[in-house]
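Please read the structure below before turning to the comments.
Numbering (the numbering used here), first residue to last: -13 to 203.
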């Protein structure tokens, strides 16, 4: 049985991990018989957004691991405890929170910074030649961790995010959301998910394929 780490960063598509994508990742990994452990930073989110009004919530703070525990049904550990040696691969669901909490891509693009514990975890997985899966906007965070490594990845079609990924020295591969792109050389698997305007069954199908490819690698 493969052991896969899943990194979350809150709960909600505007300020944390995208819930549908996160559930699809957990569902897909269950389909392939993987054992999963969720992780999240034990830190305050960059902001809190009311997903009904799409407006920031002033004077409110939320903790990423506390919020992500809603998705993980409480089975979650601090990201600082993630040890790559104990897992076969790592997958990062999307959500705007990835670009605000795990890195500053949302505000600074390719010139942004990456959360140190997130960066350290991914570098360790890559150094051990273990697969990394990234959904939606998460490939941008991967690109920031590994500038000029010439990874192939997708965030869907041509976009500003794709341009910023290429500024970091990677190659963007346009890919339909019902599919995923596999960079076999570097063991990076990506799928566009909600970076595209697609129905939920296509999003889930792309993520299902990603989880299959992660296990194959």
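No residue lacks a Cβ here, since even glycine has one placed at the ideal position from N, Cα and C. Model, not experiment: these values are computed from the prediction.
- Counting of Cβ neighbours within 10 angstroms places residue 65 among the buried residues, the total reaching 16 or more.
- Out of 124, 33, 148, the CA that lies nearest to the CA of residue 174 is found in 124.
- The C-alpha of residue 6 is placed about 10 angstroms away from the C-alpha of residue 13.
- DSSP places residue 25 within a strand segment (E or B) once states are collapsed to three.
- Excluding five sequence positions before and after residue 20, the CB atoms of its chain that fall closer than 6 angstroms to its own CB belong to -12, -10, given in chain order.
- Scanning the stretch 116 to 195 for uninterrupted alpha helix (DSSP H) segments of 4 residues or longer gives 124 to 131, 146 to 153, listed from N- to C-terminal end.
- The alpha carbon of residue 101 has as its nearest neighbour, out of 178, 148, 86, 198, the alpha carbon of 86.
- Per DSSP, the unbroken alpha helix (DSSP H) holding residue 10 starts and ends at 5 to 17.
- As the crow flies, the alpha-carbon of residue 22 is around 20 angstroms from that of residue 109.
- Leaving aside the five residues that flank residue 168 on each side, the residues in its chain whose CB is nearer than 7 angstroms to its CB run, in chain order, 175, 199.
- Shown here, residue 36 sits in a strand according to DSSP, grouped into three states.
- Contact holds between the stretch 48 to 67 and the stretch 27 to 36, because three or more Cβ pairs, one in each stretch, are under 8 angstroms apart.
- Note on geometry: alpha-carbon atoms of residue 38 and residue 131 lie some 32 angstroms from one another.
- Residue 33 and residue 10 have their C-alpha atoms some 25 angstroms from each other.
- Only residues of its own chain outside the window of five on either side were considered, and among them 138 have a CB closer than 6 angstroms to the CB of residue 157, listed in chain order.
- For residue 181, the CB contacts under 8 angstroms within the same chain, skipping 5 residues up- and downstream, are 80, 122, 123, 141, 142, 145, 147, 163 in chain order.
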